[in-house]
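When we follow full-length UniProt numbering, the leftmost residue of the sequence shown carries the number 1, and every step to the right adds one. For each residue, glycine too, the CB sits at the ideal point set by N, CA and C.
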Amino acid sequence: MAALGAWVRGPRETCCGAEGRPGGTVHPVAPPSLSIHPSLSLPFLYFAFPSQHSVMSSQARFDSVGPATGTDGVAPPPPLSAEETVPVRPVHAEARTLFNAAPFLRYFPIFGASVEAFGPRCVLSVGLSEFLCKGVADYLVRFSLYPMFMVRFGVDAMTYQRMSNLATMGWSMKPLAAMFSDIFSFFGYTKRWYLAVSCVVGAAFAVAFGVLPATKASAPPAAVFVFLTCFTKAAVDILTQGHYSRLMRRIPHAGPSLVSWVWWWVLLGSLVASVIVGPLADARLEWVGVMVAAVLQFLATFFFVMNWYGENTNRSNRAEDARFLRVGLAEAAKDPNAKLQEDGGVVVAEVGDHAMLGLSNEVCVDEEEEEVPPLPTCCCGVFEVNKEVARRNWSMVVYCLLVTAGAVAMALVTLFGNIWALLGACIAVSVFICGFGFFALPLVIAKANLYSFVSTAAYIQLPGALDSFYMAKPDCLPDGPHFSYFFYNTVGSIIGTVCGIAGVVLFRYVFSKRSYRVTFVVTTLVAVVASIFDLIIVERWNRPRVSDHVVYVLGDQVVAGVCYHAELHAKHHSAFPAVSARDREHGVRAACRVRKLRAGRVEYNRLAADGV
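Take a look at the structure:
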């Protein structure tokens, strides 16, 4: 502003006094020949010749502050308060180019904040890959299970009940993909090529599921293919979550926007899948939906081959993890009595003097000067082995292997065992896995894990019996609801998804202000009420006054949809104890424990080389 006033008054040449301080003589110079329009001169004159009130206010502020020492009576401007300080928000280079070409995109909710921090290619590829794999492809396979097994293969309701469970068992093996990718980097990357292989292999298993002959003998191999293709989709999901978890650790303020962006794409994918599978099932073309799922999952390979995720190499990530650890240790070392703790109050390692931590001046060198030594390799250099990850987290590795073994055992018993063998295996695996979790996981995560298991196991579902009852033909069940596939899968799923969005909004503005105990108590009671609607239809209490379609939509889609998504969003919220207790990484790094940290450069170079 002072420059504008000087421009109007005419420039002056100011000479500095001693030591570069203002002072000395002021020599006027000739003003430039520049005419100013009268309408433009008024605001300039305001700044050039401030009002008396402004001068008095400035003088009062000067008197209150007082001259600074050693400035010849010239006081520095008062510092900005915390409310006036605007934090620096990094803008991605590609985002800057995009926003210069289309400025309105910056103001799009969720999208603008995510692209500003992580770039358009990364944000779009993460959203579209989840849309194609976890959204459309996965829901197409799930919605096609009933017509494929019951209509195409001709199995009974009990067999379909058991075979349909294999789809969720494939998702139970997600820890295996996370653990293996953390320990063995594939061609220098911990996620990129695993994601590409998962999409190709998953598409192949989906094609194999869709081309099986329409005989009852095809049911067991079809269940195996469903199990494997769902596992590949789960691998894409967990590795993608691990990638954007690392991005969120770098730029935390944009994390919620990126997570919301991903979930919106998943919900959109479920809507698209429900629209596709209903008409195809009514036309006896249920296998076409499976083929579409295979094609869409294969298309996601493009993002990983081109590395649109922008994933760094394994060595870069290991060095980054070591730097994050060093910064955390340096902050903890500022307090000699501080303790390095995991969230939830579990003390992992005490932080004492600098000698124990290796935080001397010789260790805290510039990041650019550090060189990461070569990593051990195997299989002719195809895999790089992060031995430090497995060594420091051996209990977590064992837990992931046990969860995988339990899922495989349950799948085999489901295929070949009788009802008593299935019951015994279920009890044994459940008790052992939940019990071992209290040894391998932090206590708060183990408790949350046990609660999720008990709440899910107690909510008994009978898809084989209920699906057969709802969609039975008049010649099979004369007094049944006689729902079509279009209504049951398409219309019902669309209404359920819309109500699920309402459930997320309900959590955001209502339950997020309450404790988690209140949230889970309310959602549990609402889930019980939603189950009563199924009982009303089965017992025919609604006939003849109320239509079966209305009761089904109100119970299984409206009430259950709001309840399910509100509870799901609560469990995935960052303030949920189990979520806040785990590290910002997936898989093995989720329960990373720092033990017996040694001093010196050798330790930090080893951390940078082998991981944290």
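Practice prompt. Report buried or exposed for E384, applying the criterion of at least 16 other Cβ atoms within 10 angstroms of its Cβ.
Written response: Here residue 384 refers to the residue found at position 384 when the sequence shown is read from its first residue. Classification for E384: buried.
- Assign F298 to one of three DSSP states: helix, strand, or coil. Translated into the one-based positions of the sequence shown, residue 298 becomes position 298. Residue state, collapsed to three classes: helix.
Q.
Please state the DSSP three-state secondary structure of Y189.
A. On the sequence shown, residue 189 is found 189 positions in, with the first residue counted as 1. Strand at Y189.
Practice prompt. Less than 8 Å between the CB atoms is what I'm expecting for L296 and L554, so what's the real figure, rounded?
Written response: Taking the first residue of the sequence shown as 1, we reach residue 296 at position 296. Taking the first residue of the sequence shown as 1, we reach residue 554 at position 554. At roughly 32 Å, the Cβ-Cβ gap does not stay under 8 Å, so L296 and L554 are not in contact.
### Residues bridged to F438 [DSSP beta-bridge criterion]
Translated into positions along the sequence shown, residue 438 becomes position 438. Partner(s): none; F438 has no beta bridge.
Task: Distance, G480 Cα to F469 Cα - done: Numbered from its first residue, the sequence shown carries residue 469 at position 469. Numbered from its first residue, the sequence shown carries residue 480 at position 480. Near 7 Å, if we compare the C-alpha coordinates of G480 and F469.
Where does T414 sit, in a helix, a strand or coil, going by DSSP?
As a working mapping, residue 414 is identified with position 414 in the sequence shown. Correct three-state label for T414: helix.
Legend entry - Beta-ladder partner(s) of T377, from DSSP: Within the sequence shown, the letter at position 377 stands for residue 377. Answer is E384, bridged to T377.
| task | Spatial neighbours of V429 within its chain, please: CB distance less than 8 Å, with the 5 preceding and 5 following residues excluded, ordered by chain position. | result | Translated into positions along the sequence shown, residue 429 becomes position 429. Cβ neighbours of V429 beyond the five flanking positions: G406, A409, M410.
Do you know offhand how far D182's Cα is from S218's? Taking the sequence shown and counting its residues from 1, the one referred to as residue 182 is at position 182. Taking the sequence shown and counting its residues from 1, the one referred to as residue 218 is at position 218. If you take the alpha carbons of D182 and S218, they lie about 36 Å apart.
| task | Flag this pair as yes or no: are the beta carbons of L140 and V277 separated by less than 8 Å? | result | Numbered from its first residue, the sequence shown carries residue 140 at position 140. Numbered from its first residue, the sequence shown carries residue 277 at position 277. It is a contact, given that the beta carbons lie within the stated cut-off.
Three or more C-beta pairs under 8 Å: does that hold for the region 317-325 against the region 158-175? no
- Item | Separation of Y244 from F483, as counted between CA atoms | The sequence position of residue 483 within the sequence shown is 483, counting from 1. The sequence position of residue 244 within the sequence shown is 244, counting from 1. Roughly 41 Å separates the two Cα atoms.
Per DSSP, what are the beta-bridge partners of F184 in this structure?
The sequence position of residue 184 within the sequence shown is 184, counting from 1. Beta-bridge pairing links F184 to V385.
By the 10 Å Cβ neighbour count, where 16 or more other Cβ atoms means buried, how is S547 classified, buried or exposed?
Residue 547 sits at position 547 when you count from the first residue of the sequence shown. With fewer than 16 other Cβ atoms within 10 Å, it is exposed.
Complete beta strand (DSSP E) runs within the region 487-570 (minimum length 3 residues, chain order)
none
Simplified DSSP assignment, three categories, for D479:
The residue labelled residue 479 in the question sits at position 479 within the sequence shown. If DSSP states are grouped into helix, strand and coil, D479 belongs with coil.
Cβ-Cβ separation, E116 to R89 (assumed contact under 8 Å), whole Å: Along the sequence shown, read from residue 1 onward, the residue named residue 89 stands at position 89. Along the sequence shown, read from residue 1 onward, the residue named residue 116 stands at position 116. The C-beta distance from R89 to E116 rounds to 7 Å, short enough to fall under 8 Å.
Please state whether DSSP places T215 in a helix, a strand or coil. Here residue 215 refers to the residue found at position 215 when the sequence shown is read from its first residue. Three-state result, T215: coil.
For Q557, tell me which candidate among A254, F99, V528, I495 has the shortest Cα-Cα distance.
Residue mapping note: residue 557 aligns to position 557 of the sequence shown, counting from 1. The shortest Cα separation from Q557 among A254, F99, V528, I495 belongs to I495.
Is it buried or exposed, Q461, if we count other Cβ atoms within 10 angstroms and call 16 or more buried? For this step, residue 461 is matched to residue 461 along the sequence shown. Note on Q461: under 16 other CB atoms within 10 angstroms of its CB, so exposed under the neighbour-count rule.
Beta-carbon spacing of H565, G503 below 8 Å: As a working mapping, residue 565 is identified with position 565 in the sequence shown. As a working mapping, residue 503 is identified with position 503 in the sequence shown. Cβ distance < 8 Å, so H565 and G503 count as in contact.
| field | Three-state class that DSSP yields for R284 in the structure shown | value | To locate residue 284, count along the sequence shown from 1; it is residue 284. Coil.
key: Start-end ranges of the alpha helix (DSSP H) lying completely within the region 78-149, minimum 4 residues   = Assignment of alpha helix (DSSP H) within the region 78-149, counting only whole runs of 4 or more residues, yields 93-101, 111-118, 120-130, 138-143 in chain order.
- Exposed or buried, N100, counting other C-beta atoms within 10 Å across all chains shown (16 or more means buried)? Within the sequence shown, the letter at position 100 stands for residue 100. With fewer than 16 Cβ atoms within 10 Å of its Cβ, N100 is classed as exposed.
**OP:** Confirm, please, whether the CB-CB distance from S257 to S114 is below 8 Å.
**Re:** Position 114 of the sequence shown holds residue 114. Position 257 of the sequence shown holds residue 257. Their beta carbons are under 8 Å apart, which means S114 touches S257 by this criterion.
**Asked** Could you give the distance in angstroms between the alpha-carbon of N312 and the alpha-carbon of V413?
**Response** In the sequence shown, counting from the first residue as 1, residue 312 sits at position 312. In the sequence shown, counting from the first residue as 1, residue 413 sits at position 413. Roughly 41 Å between the two C-alpha positions.
Please tell me whether R315 has its Cβ less than 8 Å away from any Cβ of chain C. Included in the structure is just one protein chain, with no chain C present.
Run through DSSP, which three-state label would N314 get?
What you label residue 314 is simply residue 314 of the sequence shown in a count that begins at 1. DSSP places N314 in helix when its eight states are reduced to three.
Alpha carbons only, please: which of V151, E130, F108, Q161 is nearest the one belonging to L415? Taking the sequence shown and counting its residues from 1, the one referred to as residue 415 is at position 415. For the residues V151, E130, F108, Q161, the minimum Cα distance to L415 belongs to Q161.
* Out of L285, Y309, V327, point me to the one whose CA is closest to C122's CA. => Along the sequence shown, one-based indexing puts residue 122 at 122. Nearest option by C-alpha distance: Y309.
Checklist entry - Excluding sequence positions up to five away, which residues of its chain have a Cβ less than 6 Å from the Cβ of I537? => result Your numbering for residue 537 matches position 537 in the sequence shown. Here the set comprises D548, V551.
Find the nearest neighbour of V528 within the set I501, F507, G561, judged by alpha-carbon distance.
-> Working through the sequence shown from its first residue, we reach residue 528 at position 528. Cα-wise, what sits closest to V528 is G561.
Check: Less than 8 Å separating the beta-carbons of L280 and G269?
Finding: Translated into the one-based positions of the sequence shown, residue 280 becomes position 280. Translated into the one-based positions of the sequence shown, residue 269 becomes position 269. Taking 8 Å as the Cβ cut-off, L280 and G269 do not qualify as a contacting pair.
Q.
On a Cα-Cα basis, can you pick out the residue from A293, V275, A177, R249 that is closest to A208?
A. In the sequence shown, counting from the first residue as 1, residue 208 sits at position 208. Closest by alpha carbon: A293.
In whole angstroms, give me the CA-to-CA distance for T215 and A234.
Taking the first residue of the sequence shown as position 1, residue 215 is located at position 215. Taking the first residue of the sequence shown as position 1, residue 234 is located at position 234. The C-alpha of T215 lies about 29 Å from the C-alpha of A234.
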